[in-house]
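A.B. asks:
Residue numbers (full-length UniProt numbering): 1 to 338.
1. Measure from the alpha carbon of residue 304 to the alpha carbon of each residue in 256, 202, 68, 231, then state which is nearest.
2. Over the uninterrupted alpha helix (DSSP H) stretch that includes residue 314, give me the two end residues.
3. For residue 269, which residues in the same chain have their Cβ closer than 8 Å to its Cβ, ignoring the five residues on either side in sequence?
4. Check residue 66 in the structure and name its three-state DSSP category.
5. Can you check which of these residues, 168, 206, 261, is closest to residue 230 by C-alpha distance?
6. Give me the Cα-Cα distance between residue 128 and residue 186, rounded to the nearest whole angstrom.
7. Report all residues from its chain with a CB closer than 7 Å to the CB of residue 2; omit the five preceding and five following residues, and keep chain order.
8. Using only the alpha-carbon positions, how far apart do residue 207 and residue 298 sit?
9. Would you kindly report the start and end of the unbroken beta strand (DSSP E) that includes residue 274?
10. In this structure, what does DSSP give as the bridge partners for residue 137?
11. Return the chain-ordered list of same chain residues with a C-beta closer than 7 Å to the C-beta of residue 364, the five sequence neighbours on each side being excluded.
12. In whole angstroms, give me the CA-to-CA distance for residue 189 and residue 182.
13. Does DSSP put residue 232 in a helix, a strand or coil?
14. Is it buried or exposed for residue 220, if we count other Cβ within 10 angstroms and need 16 for buried?
15. Excluding five sequence neighbours on each side, which residues of the same chain lie with their C-beta closer than 6 Å to the C-beta of residue 241?
16. Write down the C-beta distance between residue 95 and residue 150 rounded to the nearest angstrom, noting that I regard them as a contact closer than 8 Å.
17. Comparing C-alpha positions only, which one of 165, 228, 200, 293 sits nearest to residue 216?
18. Can you give me the Cβ contacts of residue 289 inside the same chain, cut-off strictly under 8 Å, excluding the 5 residues immediately before and after it?
19. Since residue 88 contacts residue 71 with CB under 8 Å, what's their CB separation in whole angstroms?
20. With a CB to CB cut of under 8 Å and the five nearest residues on each side skipped, what residues in its chain are close to residue 111?
21. So, with DSSP's three-state summary, where would you put residue 73?
22. I'd like to confirm the pairing. Which residues does DSSP put opposite residue 241 in its beta bridges?
23. Give the secondary structure of residue 226 by DSSP, where H, G and I count as helix, E and B as strand, and everything else as coil.
24. Measuring alpha carbon to alpha carbon, tell me which residue in 253, 226, 227 is nearest residue 238.
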């Protein structure tokens with residue numbers, strides 16, 4: 001009886017112990033979960049700090065290198081995360097053109113600007129050659145990229161002279177290879193121009209020859225008329241001197257006739273500003289008749305003179321083009337007789 005009672009008591013104590021153990025084990029699991037939550041919070045906080053620091057991008061993300069003599073800027077586009085290269089032209093491009101190219105390539109770029117290392121914004125009108133002289137910061141959507149362009153090495157005096165020699169050599173080579181083609185092309189152009197000018201002036205030339213013939217004929221009539229007037233005057237004076245009157249009476253008359261002729265010549269000089277010389281007087285009379293006839297026939301003298309000047313200039317250019325110095329031919333030596 002006593003043995004059975006001790007066995008029953010020990011069984012009851014064992015069940016209580018297992019129940020208590022099961023409760024304590026549950027409390028242990030809960031504590032472990034609480035510690036896990038506490039450990040995850042610092043990890044989440046550290047991830048947030050890393051996200052904030054990713055906006056400061058090193059210079060490896062944006063690089064500038066020279067390819068075929070032109071600077072090439074490479075960077076990762078923010079929207080597609082693709083690497084893209086932009087070829088910059090230092091002479092013709094500016095900062096504004098480069099920024100527009102960036103926005104056109106990636107529509108996700110809302111704001112883009114370039115600043116100096118001191119935080120001063122660089123104007124859009126600044127040339128690329130000036131921009132690449134120093135380091136700068138490229139800001140894309142509040143993300144700053146530090147860019148370090150490669151430094152250009154300055155040319156020495158010997159290198160500059162070598163480049164000048166190469167340029168001169170290339171120019172001479174180009175001239176030697178293309179001089180004949182250029183000469184032939186230029187000669188054909190001048191000949192074609194002369195043909196066009198001659199075709200345009202041909203109808204005017206016919207009218208001008210007809211007007212010149214008429215003016216020459218009328219000026220010849222004036223010369224012969226002056227000769228006839230002088231002969232008639234001589235005959236009248238001779239008749240009056242030896243037949244009608246005596247020399248004593250006609251001498252004052254001839255004096256006043258001579259003085260009147262001198263006054264007429266002086267009046268001619270006052271009007272024309274030219275001395276009364278027979279060839280000049282004849283040419284002046286010829287031009288007077290020619291211009292009078294040209295006005296009647298509506299002949300365009302100004303256009304004719306322009307065409308004649310153009311033809312003379314074309315002939316002069318063609319003669320200069322065929323000069324031995326232009327053709328690089330040996331010059332004819334000057335003989336002793338010359």
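A virtual CB, placed ideally from N, CA and C, is assigned to each residue, including glycine.
C.D. replies: So, from the listed chains and residues:
1. Here residue 304 refers to the residue found at position 304 of the chain shown. Nearest option by C-alpha distance: 202.
2. Within the chain shown, numbered from 1, the residue matching residue 314 stands at position 314. For residue 314, the enclosing alpha helix (DSSP H) begins and ends at 301-321.
3. Locating residue 269 in the chain shown gives position 269, counting from the first residue. 275, 276, listed in sequence order.
4. For this step, residue 66 is matched to residue 66 along the chain shown. Note: residue 66 maps to strand in three-state DSSP.
5. What you label residue 230 is simply residue 230 of the chain shown in a count that begins at 1. If we check each option's Cα against that of residue 230, 261 comes out closest.
6. Your numbering for residue 128 matches position 128 in the chain shown. Your numbering for residue 186 matches position 186 in the chain shown. Their Cα atoms are separated by approximately 40 Å.
7. For the purposes of this step, residue 2 is taken as the residue at position 2 of the chain shown. Annotation note: pLDDT 43 at residue 2 (below 50); position unreliable, no value reported.
8. Within the chain shown, numbered from 1, the residue matching residue 207 stands at position 207. Within the chain shown, numbered from 1, the residue matching residue 298 stands at position 298. Cα to Cα, residue 207 sits roughly 10 Å from residue 298.
9. Mapped onto the chain shown, residue 274 falls at position 274. Per DSSP, residue 274 belongs to no beta strand (DSSP E) and is neither H nor E.
10. As a first step, residue 137 must be located in the chain shown, where it is residue number 137. 115, 146.
11. This structure does not reach residue 364, given that the chain is present from 1 up to 338, and the question cannot be answered.
12. Taking the first residue of the chain shown as 1, we reach residue 189 at position 189. Taking the first residue of the chain shown as 1, we reach residue 182 at position 182. Distance between the alpha carbons of residue 189 and residue 182: 11 Å.
13. In the chain shown, counting from the first residue as 1, residue 232 sits at position 232. Helix.
14. Within the chain shown, numbered from 1, the residue matching residue 220 stands at position 220. Its Cβ having fewer than 16 others within 10 Å, residue 220 is exposed.
15. Stepping through the chain shown from its first residue, residue 241 is reached at position 241. Cβ neighbours of residue 241 beyond the five flanking positions: 247, 250.
16. If you number the chain shown from 1, residue 95 lands on position 95. If you number the chain shown from 1, residue 150 lands on position 150. Taking C-beta atoms under 8 Å as the contact rule, residue 95 and residue 150 fail to qualify, at a distance of about 18 Å.
17. Sequence index remark: in the chain shown, residue 216 carries index 216 (1-based). Looking from the CA of residue 216, the closest CA among 165, 228, 200, 293 belongs to 293.
18. Numbered from its first residue, the chain shown carries residue 289 at position 289. Exclusion of the five residues before and after residue 289 leaves 214, 215, 218, 219 as the residues of its chain whose Cβ lies within less than 8 Å of its Cβ.
19. Within the chain shown, residue 88 is the residue found at index 88, counting from 1. Within the chain shown, residue 71 is the residue found at index 71, counting from 1. Confirmed, about 5 Å.
20. Here the question's residue 111 lines up with position 111 in the chain shown. 139, 140, 141, 142.
21. On the chain shown, residue 73 is found 73 positions in, with the first residue counted as 1. Residue 73 falls in the strand class under three-state DSSP.
22. For the purposes of this step, residue 241 is taken as residue 241 along the chain shown, with counting starting at 1. Listed as beta-bridge partners of residue 241 by DSSP are no residues whatsoever.
23. Against the chain shown, residue 226 aligns to sequence position 226. Here residue 226 sits in helix by DSSP.
24. The residue labelled residue 238 in the question sits at position 238 within the chain shown. The option with the nearest alpha carbon to residue 238 is 253.
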